[in-house]
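Heads up: the structure comes next, in C-alpha cells.
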Amino acid sequence: MKTAAMTALLFVAAVSAQAHVATLENFTAKPILADLKDLQALNIPVVAKEESSQVGYAVVTPQMQQRLQEYAHANGKCGGFEDVSQDMQGTTLVSEGFSKMLSNLAELKQKNDLYERAPFRALVAQQNPALTAAIDEISVTNMQETVNWLSSFPTRYNKASQPNIHVEEMKKRLEAMLATSKIPYEVSLIDHTSTKQKSVRVRLTGSQRPNEIVVLGGHLDSINMSWGGGDKAPGADDNASGSSNIYEALRIVSQKAQPQRTVDFFWYAGEESGLLGSAEIAKTYKAQKADVVAVLQLDMTLFPGSGELVIGSMNDFTSSWLRDYLKANNETYIKARIVDDKCGYGCSDHASWYRQGYPTLMPFESKMNDSNSNIHTARDLVTKDSNFNHSVAYTKIALLFAMDLANSTARQPF
Ligand code: BES
Ligand code: ZN
Numbered sequence: 008m009k010t011a012a013m014t015a016l017l018f019v020a021a022v023s024a025q026a027h028v029a030t031l032e033n034f035t036a037k038p039i040l041a042d043l044k045d046l047q048a049l050n051i052p053v054v055a056k057e058e059s060s061q062v063g064y065a066v067v068t069p070q071m072q073q074r075l076q077e078y079a080h081a082n083g084k085c086g087g088f089e090d091v092s093q094d095m096q097g098t099t100l101v102s103e104g105f106s107k108m109l110s111n112l113a114e115l116k117q118k119n120d121l122y123e124r125a126p127f128r129a130l131v132a133q134q135n136p137a138l139t140a141a142i143d144e145i146s147v148t149n150m151q152e153t154v155n156w157l158s159s160f161p162t163r164y165n166k167a168s169q170p171n172i173h174v175e176e177m178k179k180r181l182e183a184m185l186a187t188s189k190i191p192y193e194v195s196l197i198d199h200t201s202t203k204q205k206s207v208r209v210r211l212t213g214s215q216r217p218n219e220i221v222v223l224g225g226h227l228d229s230i231n232m233s234w235g236g237g238d239k240a241p242g243a244d245d246n247a248s249g250s251s252n253i254y255e256a257l258r259i260v261s262q263k264a265q266p267q268r269t270v271d272f273f274w275y276a277g278e279e280s281g282l283l284g285s286a287e288i289a290k291t292y293k294a295q296k297a298d299v300v301a302v303l304q305l306d307m308t309l310f311p312g313s314g315e316l317v318i319g320s321m322n323d324f325t326s327s328w329l330r331d332y333l334k335a336n337n338e339t340y341i342k343a344r345i346v347d348d349k350c351g352y353g354c355s356d357h358a359s360w361y362r363q364g365y366p367t368l369m370p371f372e373s374k375m376n377d378s379n380s381n382i383h384t385a386r387d388l389v390t391k392d393s394n395f396n397h398s399v400a401y402t403k404i405a406l407l408f409a410m411d412l413a414n415s416t417a418r419q420p421f
C-alpha cells in the first residue's frame with residue numbers, strides 16, 4: 008500500500024538519492040535506517056518513511072552520521088542508526104532499494120496489527136512442572152563463569168587480526184558440554200562472506216516436528232568504539248551476558264527429553280559491524296524456506312538500569328504474538344515487570360530475522376534510556392553494577408522458548 012504522499016516522497020527521493028549515489032561509492036555517504044523522529048529533529052532529509060513503524064530511511068554524510076550518533080547518545084540510544092548499504096546491493100537506484108524495504112516493513116507491521124485486533128489475544132500460561140523444575144536448575148555461578156570467561160578475551164571484534172579465537176574455544180566448550188546429551192545434536196561453525204568471523208550454531212533436532220524451528224540467539228562479538236580508548240573490548244554486558252543466558256539454557260535443556268520441534272542455538276558473528284552473521288543466516292534460512300516458528304534475541308541482560316527484574320520488551324522489529332507470549336508466561340514463571348520500549352532501528356540480530364518475515368522477540372536489560380552506558384568501551388566489565396539475579400530472568404525466557412514453545416504447536420496466527 009503506497010500513499011500519494013509516499014509516492015511523491017519517493018520521487019523527490021529518487022532525484023536526490025541519485026545525486027548521492029556517486030558519493031556513496033567514495034564511502035562519504037551511506038544509506039541508513041533510523042528513528043523518524045531523530046531524523047526530523049536533526050533536519051536530515053528523509054528519503055522515505057514508514058509511518059506505522061516510525062522509521063525513516065536517509066542517505067547521510069559522515070557529518071550527519073555524527074550528529075545522529077550524538078543525538079541518539081544524548082537520548083540514551085546506542086548507535087542511533089543502522090547502515091543498510093548491504094541490503095542495497097543489487098539495486099541501482101537507492102530509492103528503489105528503500106521502497107522495497109519499506110513495503111516489506113509495512114507488510115510485517117500489518118501482520119502485527121492483524122494479530123493485535125484478534126479476539127483471542129489474551130494468552131494464559133498453565134504451569135508446567137517440567138519447566139518449573141528446569142528453571143530451578145539455572146546456576147548463577149555457571150552464568151558468571153561464562154561471562155567472566157568471554158570477557159577475558161582482549162577483544163571479540165570481527166575485524167580483529169584473529170577474530171575466531173573465542174569462537175573456536177566456544178565450539179570446544181559446547182562439544183564438551185553436550186557429550187552427555189541424549190538428544191540428537193550438531194555443533195557447527197558457520198562461515199560468512201561479509202566477515203571472516205564465524206557464527207556458532209548448536210542444533211537439537213526435534214522428535215515430532217523437526218521441520219519447525221525455534222531459534223535462540225545472541226551475538227558473541229564485541230567492539231571498542233571509544234575515541235582513543237584502545238582496542239580492548241571485554242563486552243561483558245554487550246554481549247557476553249546474552250551469550251551466557253543462551254549457553255546456560257542449552258546446558259539444562261540438553262539433559263532433558265528431546266524437544267518436539269528443532270531448537271537452534273546461535274552465537275552470531277559480526278553483529279557490532281552491522282548484524283553481519285545473523286543477516287546471512289536469516290537469508291539462508293529464508294532461501295531454504297525454513298519454517299522458523301519463533302526467534303529469541305538476547306543482547307545485554309546484565310545491567311538492571313530500570314531496576315532489578317524490570318525487562319524492556321522491544322516493540323520494533325519484533326512480533327506482537329511473541330511479546331504477548333512473554334507477558335503471559337512472565338506471570339507464571341518469571342514475575343518480572345515488563346515495560347514496552349523500542350530501539351528505533353534494527354539494533355540487534357532479531358532485526359535480521361524479522362526482515363525475512365520470521366516472528367521475533369527481544370527482551371532487553373532495561374528501558375533503552377536506562378541501559379548500560381559503558382558498552383563498546385574497555386569498561387564493559389563485570390562490576391558491582393552487574394546483576395546476575397536480574398540476568399537469570401533472561402535464561403528463564405530462553406528456557407521457555409526451548410522447552411515450552413519447542414514442545415507446542417503454537418505459532419503466529421497470521
Ligand atoms: N547491544 C547493542 C544494541 C543496543 C545498545 C540496544 C543499547 C539497546 C541499547 C548492539 O550490540 C549494537 O551496538 N548494535 C548497533 C547496531 C548495529 C546495526 C551495528 C548499534 O546499536 O549501534
Ligand atoms: Zn550488543
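Residues in the sequence shown are numbered from 8 upward in steps of one, following the working numbering.
All C-beta atoms, glycine included, are put in the ideal place defined by N, C-alpha and C.
Taking residue i and residue j to be in contact with their CB atoms under 8 angstroms, please state how far apart those CB atoms are, rounded to whole angstroms.
i	j	result
Pro495	Thr269	The requested residue 495 does not occur in the structure, where the chain is confined to residues 8 to 421.
Phe273	Arg344	With 8 angstroms as the limit, Phe273 and Arg344 do not qualify as a contact, their Cβ atoms being about 28 angstroms apart.
Asp271	Ile220	6 angstroms
Ile259	Glu144	5 angstroms
Asp245	Asp90	At roughly 18 angstroms, the Cβ-Cβ gap does not stay under 8 angstroms, so Asp245 and Asp90 are not in contact.
Leu49	Tyr78	6 angstroms
Val67	Ala36	6 angstroms
Tyr122	Trp328	5 angstroms
Ala247	Ser393	Not quite, the Cβ-Cβ distance comes to about 10 angstroms (not below 8 angstroms), so this is no contact.
Ala385	Gly236	6 angstroms
Val53	Leu43	7 angstroms
Asp45	Gly83	Rounded, the Cβ-Cβ distance is 12 angstroms, inconsistent with contact.
Going along the chain, which residues of its own chain have a beta-carbon closer than 7 angstroms to the beta-carbon of residue i, five neighbours each way excluded?
i	result
Gln151	Phe395
Gln134	Thr339
Asp228	Arg163, Tyr164, Asn165, Gln204, Ala276, Gly277, Glu278, Glu279
Glu114	none
Leaving out five residues before and five after residue i in sequence, what residues of the same chain have Cβ atoms less than 6 angstroms from its Cβ?
i	result
His383	Ile230, Met232
Gln47	none
Glu287	His199
Phe160	His173
Gly312	Ser373, Asp377, Ser378
Ser146	none
For residue i, which of the options has the nearest alpha-carbon?
i	options	result
Ser106	Tyr64, Ala41, Thr68	Tyr64
Thr162	Leu196, Arg128, Ala243, Arg210	Ala243
Lys290	Asp348, Tyr365, Pro311, Leu227	Tyr365
Val154	Ala140, Pro241, Leu185	Pro241
Lys403	Leu181, Leu138, Asp94	Leu138
Leu368	Asp411, Ser378, Leu333, Gln73	Leu333
Leu282	Asp238, Gly237, Cys354	Cys354
Asn381	Ser110, Lys342, Arg180, Lys239	Lys239
Asp94	Gly104, Gly83, Gly86, Cys85	Gly104
Pro136	Gln419, Ser415, Asp411	Asp411
Trp156	Asp298, Ile341, Val389	Val389
Ser326	Val300, Glu315, Asp306, Asn337	Val300
Gln419	Arg330, Glu255, Ile341	Arg330
Asp306	Cys85, Gly314, Ser261	Cys85
Ser415	Ile142, Gln72, Gln265	Gln265
Within 10 Å of its beta-carbon, does residue i have 16 or more other beta-carbons around it, so buried, or fewer, so exposed?
i	result
His80	exposed
Gly213	buried
Lys178	buried
Arg128	exposed
Arg124	exposed
Lys56	buried
Ala417	exposed
Ser102	buried
Pro69	exposed
Asp120	exposed
Ala413	buried
Ala183	exposed
Gln295	exposed
For a quick check, are the C-beta atoms of residue i and residue j less than 7 angstroms apart?
i	j	result
Gly319	Lys263	no
Lys118	Phe421	yes
Leu309	Ser398	yes
Ala132	Ala335	yes
Leu75	Tyr352	no
Ala405	Leu185	no
Val317	Trp360	no
Ser188	Gly225	no
Asn322	Lys293	no
Ser285	Asp347	no
Ser60	Lys116	yes
Val194	Leu211	no
Ser92	Pro38	yes
Ala297	Phe324	no
Can you find the residues in the same chain that come closer than 8 angstroms, C-beta to C-beta, to residue i, ignoring five residues on each side of it along the sequence?
i	result
Gln215	Gln267, Arg268
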